[in-house]
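*Asks:* Below is one structure. I have some questions about it.
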DNA sequence: TGTAAAATGTTGCAATTGCAACAATAAAGT
DNA sequence: ACTTTATTGTTGCAATTGCAACATTTTACA
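Residue numbers (my numbering), protein chains in the order written: chain G, 3 to 213; chain V, 3 to 213.
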């Protein structure tokens, strides 16, 4: 994950944060971040901790839209916060910077560090698109089995190994894949029985060559 | 849709295209664009026409990942082209600029028009993220009916009207929603019979207040 | 304009899934 | 350490869906 302040000196980083009217906030576990932000168009930078972006619809179905780790960003434009049905939930104690998005577009890029900042932002957002493409790729599959296998393949490709360290617990994984948890549990059992995978704790080992 | 060259003079636009090693290509209907591009990391700008980005998996299931119109962009980083299972297909005669993505990160942003260009790019990509969030929102729904209704709501919100002009034919709509076409056809019939919608040609009128 | 190709509508049926309900285990909090 | 809460595993069953097959209509194009 690229850091938004990559290649920017600490001193210039402070200048930037000042110009962008940033505020630094710390939340304990299981807090809703957005409920505490009243400003308009913002970008949040996760300095430390972990948060999930979660949508719950009128049926009570939850979907994990994104899971963010250190250096990741979120925002009114970047994450689907325009309507307020989304929650940004801390999974552990987390610190964020909140900066003003509109100020970014007003930056005078002739200064090196502004320049670098915008390029970093561009790169991060493009990474985010790739994540979303992966997610769509998975959701597009028609069976639970194919969703799981697609997820495994993507995660396996990321790390280059055949062992996947689930960033979620199984309940959350089902939400991310937009499938029923118990049905997923059943399918995972079949995959184990048929010798495709092995599960220990929250590690899944792929035993098939490719699919 | 924001134009990538918005607020950039024609003269500076030419300079930019030159610096970014652009080439201008025209394709007739039903051509694969990417098959004709051998360069590495590129961004394509659709000057005129219409193209779809389509994924076909090993089962033969197609999914329309994106549909692009004038001024929209695509690229090896922005659209999921890293692996080559994606097709960029022209739906009508289309003209594109192909520019070198890596050159963008080397631009000297002290020049006004480079500066403007990168900001435009940022805005377009953020729009693209919003589109993808919408798509995920739809795919996350568990029934065909809820996928359709979510799609209708999103499209209706975009234009502010209760009449949706399908940008797709029904076959493509089913691909976009990742559902079986005939099952979708059945569900649309039910929605008509129950008085939720009306369909004429490729226009859908919403008859319910909200859901 | 006539013919081929593509899109749409329809339906039965088997396969898959969500849901509900519950037991068992693990994790968290005091 | 003990109690409560959250997570995981399991299963039957009804609802939903994909698939296949075909008729019909629309569109493309030679």
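All C-beta atoms in this analysis are idealised placements derived from N, C-alpha and C, irrespective of residue type, glycine included.
#1: Tell me which residues of the segment 135-147 of chain V have at least one Cβ-Cβ distance to chain G shorter than 8 angstroms, keeping chain order.
#2: Please return the same chain residues whose Cβ sits closer than 7 angstroms to the Cβ of residue 107 of chain G, not counting the five positions on each side in sequence.
#3: Grouping DSSP H, G and I as helix and E and B as strand, with all else coil, what is residue 164 of chain V?
#4: Please list, in chain order, all residues of the same chain as residue 143 of chain V whose beta carbon is under 7 angstroms from its beta carbon, the five residues on each side excluded.
#5: Residue 121 of chain G to residue 11 of chain G, Cα distance in whole Å?
#6: Quick one: using the 10 Å Cβ neighbour count with 16 as the cut-off for buried, is residue 196 of chain V buried or exposed?
#7: Using a Cβ cut-off of 8 angstroms, which residues of the segment 118-132 of chain G contact any Cβ in chain V, in chain order?
#8: Residues in the same chain with beta-carbon distance under 8 angstroms from residue 4 of chain V, minus the five sequence neighbours each way, listed in chain order, please.
#9: Assuming contact is defined by CB atoms lying nearer than 9 angstroms, are residue 99 of chain G and residue 53 of chain G in contact in what I supplied?
#10: Nearest to residue 185 of chain G by CA position, among G:168, G:147, G:198 and G:209, is which residue?
#11: In this structure, how does DSSP classify residue 21 of chain V when only helix, strand and coil are distinguished?
#12: How big is the Cα-Cα spacing for residue 103 of chain V and residue 199 of chain V?
#13: Starting from residue 76 of chain G and walking both ways along the beta strand (DSSP E), at which residues does that stretch end?
#14: Measure from the C-beta of residue 67 of chain G to each C-beta in chain V and report whether the shortest distance is under 9 angstroms.
#15: For residue 74 of chain V and chain G, any beta-carbon pair shorter than 9 angstroms?
#16: What are the start and end residues of each continuous alpha helix (DSSP H) run of 4 or more residues lying completely inside the segment 112-181 of chain V, in chain order?
#17: Who are the near neighbours of residue 14 of chain G in its chain, counting only those whose CB is closer than 7 angstroms to its CB and skipping five residues on each side?
#18: Determine the direct distance from the alpha carbon of residue 29 of chain V to that of residue 139 of chain G, and round the result to whole angstroms.
#19: Check each residue of the segment 170-199 of chain G: if its Cβ is closer than 7 angstroms to any Cβ of chain V, include it; give the result in chain order.
#20: Using Cβ-Cβ distances below 9 angstroms, what residues of the segment 12-40 of chain G are close to chain V?
#21: Go ahead and pull the three-state DSSP assignment for residue 16 of chain G.
#22: Here's a check: name, in chain order, each residue in its chain whose Cβ is nearer than 6 angstroms to the Cβ of residue 213 of chain G, leaving out the five neighbours to either side.
#23: Taking the alpha-carbon positions, what's the residue 64 of chain G to residue 20 of chain V distance?
#24: Identify, in the order they occur along the chain, each residue of the same chain with its Cβ nearer than 6 angstroms to the Cβ of residue 24 of chain V, setting aside the five sequence neighbours on each side.
#25: In three-state terms, what does DSSP make of residue 106 of chain G?
#26: Could you check what DSSP says for residue 36 of chain G in three-state terms: helix, strand or coil?
#27: Give the range of the alpha helix (DSSP H) segment to which residue 189 of chain G is assigned.
*Replies:* Considering the structure as presented:
#1: Listed in sequence order: 135, 136, 137, 138, 139, 141, 142, 143 and 144.
#2: Setting aside the 5 residues that flank it on each side, residue 107 of chain G has no residue in the same chain whose C-beta is closer than 7 angstroms to its C-beta.
#3: Coil, per DSSP.
#4: Closer than 7 angstroms at Cβ, skipping near neighbours: 149 and 152.
#5: Going from the Cα of residue 121 of chain G to the Cα of residue 11 of chain G covers about 15 angstroms.
#6: Its Cβ having fewer than 16 others within 10 Å, residue 196 of chain V is exposed.
#7: Shown in chain order are the members of the segment 118-132 of chain G whose Cβ falls below 8 angstroms from a Cβ of chain V: 120, 121, 123, 124, 125, 127, 128, 130, 131 and 132.
#8: Close CB contacts of residue 4 of chain V within its chain, under the 8 angstroms cut and outside five residues either way in sequence, are with 73, 122, 125, 126 and 129 (chain order).
#9: No, the pair does not count as a contact, with Cβ atoms beyond the cut-off.
#10: G:147 is the residue among G:168, G:147, G:198 and G:209 whose C-alpha sits nearest the C-alpha of residue 185 of chain G.
#11: Helix at residue 21 of chain V.
#12: Using only the alpha carbons, I get a separation of about 44 angstroms.
#13: Per DSSP, the continuous beta strand (DSSP E) segment holding residue 76 of chain G begins and ends at 75-77.
#14: So yes, residue 67 of chain G belongs to the interface.
#15: When Cβ-Cβ separations below 9 angstroms define contact, residue 74 of chain V makes no contact with chain G.
#16: Segments of the alpha helix (DSSP H) lying fully in the segment 112-181 of chain V: 114-141, 146-161 and 172-179.
#17: Only 115 meet the Cβ criterion.
#18: Spanning the two alpha carbons is a distance of roughly 27 angstroms.
#19: Using a CB distance below 7 angstroms, the part of the segment 170-199 of chain G facing chain V consists of 180, ordered along the chain.
#20: Result list empty, no residue passes.
#21: It is helical.
#22: In this predicted model, residue 213 of chain G has a pLDDT of only 46, less than 50, meaning its place in the structure is not dependable; the value taken from the coordinates is given anyway. Short of 6 angstroms from the beta carbon of residue 213 of chain G, and not among the five residues preceding or following it, lie these beta carbons of its own chain, in chain order: 151.
#23: As the crow flies, the alpha-carbon of residue 64 of chain G is around 48 angstroms from that of residue 20 of chain V.
#24: Same-chain partners within the cutoff: 99 and 101.
#25: DSSP places residue 106 of chain G in helix when its eight states are reduced to three.
#26: Helix at residue 36 of chain G.
#27: For residue 189 of chain G, the enclosing alpha helix (DSSP H) has its first and last residue at 183-195.
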